[in-house]
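Reviewing the structure listed below.
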Amino acid sequence: MRLAVIGATGKLGSAVIEMAAQDDRFTLSAALSSKEQAPGAPIDVAIDFSCPAGTRLALTLGVPLVVGTTGLDEETLAAIDLAAKKVPILISPNFSLGMGLLCALLPQIKGAAISIKETHRLGKRDLPGGTARHLASLFPGEVPINSERIGDCKGEHEITFAFEGETLKFTHTAHNRTPYAKGALEAAAHISNMPPGLYNP
197 MRLAVIGATG KLGSAVIEMA AQDDRFTLSA ALSSKEQAPG APIDVAIDFS
247 CPAGTRLALT LGVPLVVGTT GLDEETLAAI DLAAKKVPIL ISPNFSLGMG
297 LLCALLPQIK GAAISIKETH RLGKRDLPGG TARHLASLFP GEVPINSERI
347 GDCKGEHEIT FAFEGETLKF THTAHNRTPY AKGALEAAAH ISNMPPGLYN
397 P
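Residue numbers (my numbering): 197 to 397.
Written out as structure tokens, the structure is:
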């Protein structure tokens, strides 16, 4: 598959490009920043880890799209909904296998007070991050989120469930960006043959 990466100069975009070079399913056709124009080279699928402007650029490609950009504004979300009528789009704040398993498990837990703590690198734009907001959305009501930005932390999420007389905690820690990049490539391979629509992992 001929792959375009939007946000190619960012940390996650660079990780995707590095992993794609080791994956026989993909050939890098375009590596774009959020400020570039759509390329003339043929593209089969695109992965976006950029910013709202980069996501809107990705939508102009008219190909199956994986969106990992978080902090999207209402205008961009509306554009995604419209584009998904013509091409398949998979959107997620976190593509790691471990987080996917955790998100599948958590809604089964009932009857507890819940809190979330997230830690990310300094400079991460959205606060709280997309993964923490997604975790909170898995439960009814308002879930408090404590956000910390420090060093070059690749991402850690701790979910605490307080029951009467006991506490249960789950912690997911990304030690590097490989899980995100690998998951995004798997998502791209999966969605490339899907019918138009908006998908979640």
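Ideal Cβ positions, reconstructed from N, Cα and C, are used throughout, including at glycine.
If only uninterrupted beta strand (DSSP E) runs of at least 3 residues are considered, those enclosed by the segment 341-390 are 341-345, 352-359 and 362-369.
Under the three-state reduction of DSSP, Thr-315 is assigned to strand. Secondary structure of Val-212 (DSSP, three-state): helix.
Residue Ser-292 holds the alpha-carbon nearest to the alpha-carbon of Lys-378 among Gly-361, Ser-292 and Glu-352. By the Cβ criterion, the segment 305-320 is in contact with the segment 351-371, since at least three pairs of Cβ atoms, one from each stretch, lie closer than 8 angstroms. For Ser-225, the uninterrupted beta strand (DSSP E) segment begins and ends at 223-228. Per DSSP, the continuous beta strand (DSSP E) segment holding Ile-202 begins and ends at 198-202. Collapsing the DSSP output to three states places Leu-257 in coil. Here Arg-321 has Gly-267 as same chain residues with Cβ atoms under 7 angstroms from its own Cβ, once five neighbours each way along the sequence are excluded. Cβ neighbours of Gly-296 within its own chain (closer than 6 angstroms, five residues either side excluded): Pro-397. Under the DSSP definition of a beta bridge, Leu-286 partners with Val-262 and Tyr-395. For Ile-305, the secondary structure class from DSSP, reduced to helix, strand or coil, is coil.
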